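Data first, discussion second: the structure below is written as structure tokens.
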Amino acid sequence: MTHVFHRHLRQTPPVAVGSHGMFIRDAEGREYLDASGGAAVSSLGHAHPEVMAAMHAQIDRLAYAHTSFFTSEVAEQLADELIGSAPEGMSHVYLVSGGSEAVESALKMARQYFVEIGQPQRTHFIARRQSYHGNTLGALAVGGNAWRREPFAPILVPATHVSPCYPYREQHADESAEQYGLRLAAELEAAILAQGADRVIAFVAETVGGATAGVLTPVPGYFKAVRAVCDRYGVLLILDEVMCGMGRTGSLHACEQEGVVPDLMTVAKGLGGGYQPVGAVLAQRRIVEAMSKGSGFFQHGHTYLGHPMACAAALAVQQVMRRDGLVAKVREDGLAFGRMLADALGAHPHVGDIRGRGFFWGIELVVDRASKAPFDPALKVNATVKKDAMSRGLLCYPFGGTVDGRQGDHVLLAPPFIATRQDLQEIAARLAASIDAVTRAAA
Ligand code: PLP
0 MTHVFHRHLR QTPPVAVGSH GMFIRDAEGR EYLDASGGAA VSSLGHAHPE
50 VMAAMHAQID RLAYAHTSFF TSEVAEQLAD ELIGSAPEGM SHVYLVSGGS
100 EAVESALKMA RQYFVEIGQP QRTHFIARRQ SYHGNTLGAL AVGGNAWRRE
150 PFAPILVPAT HVSPCYPYRE QHADESAEQY GLRLAAELEA AILAQGADRV
200 IAFVAETVGG ATAGVLTPVP GYFKAVRAVC DRYGVLLILD EVMCGMGRTG
250 SLHACEQEGV VPDLMTVAKG LGGGYQPVGA VLAQRRIVEA MSKGSGFFQH
300 GHTYLGHPMA CAAALAVQQV MRRDGLVAKV REDGLAFGRM LADALGAHPH
350 VGDIRGRGFF WGIELVVDRA SKAPFDPALK VNATVKKDAM SRGLLCYPFG
400 GTVDGRQGDH VLLAPPFIAT RQDLQEIAAR LAASIDAVTR AAA
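In case it helps, numbering that gives the first Met the number 0 puts the sequence shown at residues 0 to 442.
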């Protein structure tokens, strides 16, 4: 009998007792090859000696000091590290305990900015369908996954949702990728105008979509066009890089590959690589200055802001990543990984699409490649792939909701950046065996 409130209330998962490198071990002695870092969290793999040493050193020095009284050396160092490599114009880092907290903080920062500069009528957020920004109420309100929102919809702040950038399902046959991106930007513009151009706070988007539809990479020019639309109406651009950021797609920040700079950007997961719960909002100087010259106070906060242990872990993870050139490794090995997945699964009758960048890949499963019809949700194809993969000693991150947030299945792969080519090959082979077994049984 368990007293832990597990997600699945009628199941108790295996007990994890140890981990090293690419593997997690359970109490039965089974080892699992970690192909997804949980939900795209692990960047350096497990039990990295330098990160552990940095955490031990920090706990001996200072475990905790509340930010209404103190800052800490390690929080200052982490902020310096992040700003040193941040997109142009970013000057400050707000350090929190995870992705949802980062998104909540960014939403409130954006709103308070407009209050400070005398535009309090801006009260509305625009985001995208098929997006995920976290499970707290503000983040869920901007999130666009119908299934996750449904039970809570009556208690969410209103937000408008426009189309995601999802070429596999939504690009028209007679338009180029560039034309598709411009069509989406025009849809955003229409949504801003429908709301009233001076009433919108921000457009919120994952630079590369993650949890909801299985890695949605933007088409060329899409984010540049979105940036131009936001600028036209003084709407802020908040990019959520909680999952796709911090090296995951082969550049430190995914927005670098789009040639755009956001006003606010959220990061988490890969920031601390799973060693501690940590997230951050990176903010443009003009936003921070408006607040500092105005009220001088951000009317928000949490008990564990800038937690020294979290900062120590994140600082060590980021320093090792930089020293070992892991972002470049991800970029290069990511191309090889994409080829391995294409070889293992590209011709499979139930694999509709394989898409991704760096160490961030999504595989969309369908009943039929020609019609792109999804499997019946009652068959629980994605959950069965997860279970089957675990029985083969593989951890991957399957989820539903590729079609309208309710139907459809995908598998998300996000291996730690230390994965060797042999590890990547093994991941592709074991996953192909699972997908084959489960989809053939379901079809
Ligand atoms: N934003 C994105 C893009 C995410 O993928 C997630 C989590 O998967 C979150 C926010 C929420 O992060 P957390 O689960 O750390 O609260």
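Note that CB positions come from ideal geometry on N, CA and C, so glycine has one too.
Source: prediction; values computed, not measured.
Distance, Cα to Cα, residue i vs residue j?
{"i": "GLU149", "j": "MET308", "result": "36 Å"}
{"i": "ARG6", "j": "PRO12", "result": "10 Å"}
{"i": "TYR303", "j": "SER71", "result": "13 Å"}
{"i": "GLU363", "j": "ALA315", "result": "35 Å"}
{"i": "ARG198", "j": "VAL156", "result": "15 Å"}
{"i": "ALA279", "j": "TYR93", "result": "5 Å"}
{"i": "HIS349", "j": "GLY137", "result": "36 Å"}
{"i": "GLY246", "j": "ALA413", "result": "11 Å"}
{"i": "ALA38", "j": "GLY272", "result": "11 Å"}
{"i": "SER294", "j": "ILE116", "result": "10 Å"}
{"i": "ILE82", "j": "MET89", "result": "7 Å"}
{"i": "HIS19", "j": "TYR31", "result": "10 Å"}
{"i": "GLY392", "j": "THR383", "result": "14 Å"}
{"i": "PHE297", "j": "PHE222", "result": "29 Å"}
{"i": "TYR63", "j": "HIS306", "result": "6 Å"}
{"i": "SER41", "j": "VAL277", "result": "12 Å"}
{"i": "ALA172", "j": "ALA282", "result": "39 Å"}
{"i": "HIS347", "j": "THR248", "result": "25 Å"}
{"i": "PHE443", "j": "ALA56", "result": "Because the chain in this structure spans residues 0 to 442, residue 443 falls outside the shown range and cannot be described."}
{"i": "GLN275", "j": "MET21", "result": "18 Å"}
{"i": "LEU250", "j": "ARG330", "result": "The question names Leu, but residue 250 in the sequence shown is Ser. When rounded, the distance between both Cα atoms is 7 Å."}
Judging by CA-CA distance, which residue of the options is the nearest neighbour of residue i?
{"i": "ASP33", "options": "PHE358, LEU364, PHE398, ALA193", "result": "PHE358"}
{"i": "VAL319", "options": "PRO13, PRO48, ARG354", "result": "PRO48"}
{"i": "HIS132", "options": "SER162, ALA346, GLY97, VAL16", "result": "GLY97"}
{"i": "GLY258", "options": "THR438, PRO86, ASP332", "result": "PRO86"}
{"i": "VAL260", "options": "PRO157, ALA145, THR206", "result": "THR206"}
{"i": "GLN76", "options": "GLN120, GLY399, HIS91", "result": "HIS91"}
{"i": "ASP239", "options": "SER104, GLY351, GLN317, VAL365", "result": "SER104"}
{"i": "GLN424", "options": "ARG231, ALA184, VAL141, ARG338", "result": "ARG338"}
{"i": "LYS386", "options": "PHE124, ALA369, ASP367, ILE434", "result": "ILE434"}
{"i": "LYS371", "options": "ASP352, MET389, ALA377, GLY361", "result": "ASP352"}
{"i": "ILE426", "options": "GLY36, VAL3, THR135", "result": "GLY36"}
{"i": "ALA313", "options": "ARG439, MET0, LEU43", "result": "LEU43"}
{"i": "MET264", "options": "LEU8, MET389, SER99", "result": "SER99"}
{"i": "GLY404", "options": "PRO376, SER390, MET389", "result": "PRO376"}
{"i": "ALA184", "options": "CYS229, GLN120, GLU169, ARG284", "result": "CYS229"}
{"i": "LYS107", "options": "MET51, ILE286, LEU378, ALA335", "result": "ILE286"}
{"i": "GLY78", "options": "VAL95, PHE68, HIS65", "result": "Here residue 78 is Ala; the residue named in the question, Gly, does not match the sequence. The option with the nearest alpha carbon to ALA78 is VAL95."}
Can you find a heavy atom of the ligand PLP that lies under 7 Å from the Cβ of residue i?
{"i": "ALA109", "result": "no"}
{"i": "GLY400", "result": "no"}
{"i": "VAL102", "result": "yes"}
{"i": "SER42", "result": "no"}
{"i": "ASP239", "result": "yes"}
{"i": "GLU205", "result": "yes"}
{"i": "GLY357", "result": "no"}
{"i": "MET264", "result": "no"}
{"i": "TYR31", "result": "no"}
{"i": "GLY278", "result": "yes"}
{"i": "MET290", "result": "no"}
{"i": "ALA201", "result": "no"}
{"i": "HIS132", "result": "yes"}
{"i": "GLY98", "result": "yes"}
{"i": "ALA267", "result": "yes"}
{"i": "MET242", "result": "yes"}
{"i": "ALA138", "result": "yes"}
{"i": "ALA105", "result": "no"}
{"i": "GLY209", "result": "yes"}
{"i": "ALA176", "result": "no"}
Indicate whether at least one CB of chain C lies closer than 8 Å to the CB of residue i.
{"i": "GLU257", "result": "No chain C appears in this structure, which consists of one protein chain only."}
Looking at residue i: is its Cβ nearer than 8 Å to the Cβ of residue j?
{"i": "ASP422", "j": "VAL380", "result": "no"}
{"i": "GLY333", "j": "ARG356", "result": "yes"}
{"i": "ASP129", "j": "GLY208", "result": "The question names Asp, but residue 129 is Gln in the sequence shown. Yes, Cβ-Cβ distance for GLN129 and GLY208 is below 8 Å."}
{"i": "VAL14", "j": "ARG24", "result": "no"}
{"i": "PRO166", "j": "ALA176", "result": "yes"}
{"i": "ARG147", "j": "ALA204", "result": "no"}
{"i": "GLY180", "j": "VAL410", "result": "no"}
{"i": "GLU80", "j": "GLN406", "result": "no"}
{"i": "LEU235", "j": "ILE200", "result": "yes"}
{"i": "GLN118", "j": "THR159", "result": "no"}
{"i": "VAL161", "j": "LEU187", "result": "yes"}
{"i": "ASN144", "j": "THR211", "result": "yes"}
{"i": "VAL447", "j": "CYS310", "result": "In the structure as shown, the chain begins at 0 and stops at 442. Residue 447 is therefore absent and cannot be evaluated."}
Measuring only from the beta carbon, is residue i closer than 7 Å to any heavy atom that is part of the ligand NAP?
{"i": "ALA38", "result": "Judged by which ligands are present, the ligand NAP is missing from the structure shown, whose ligands are the ligand PLP."}
At a cut of 8 Å, does the stretch 322-338 reach the stretch 414-429 through at least three beta carbon pairs?
yes
For the stretch 109-118 against the stretch 282-296, do three or more pairs of beta-carbon atoms, one drawn from each stretch, fall closer than 8 Å, so that the two count as touching?
yes
Touch check for the stretch 211-221 and the stretch 263-273: three-plus C-beta pairs under 8 Å?
no
Contact between the stretch 329-348 and the stretch 429-436: three or more CB pairs below 8 Å?
yes
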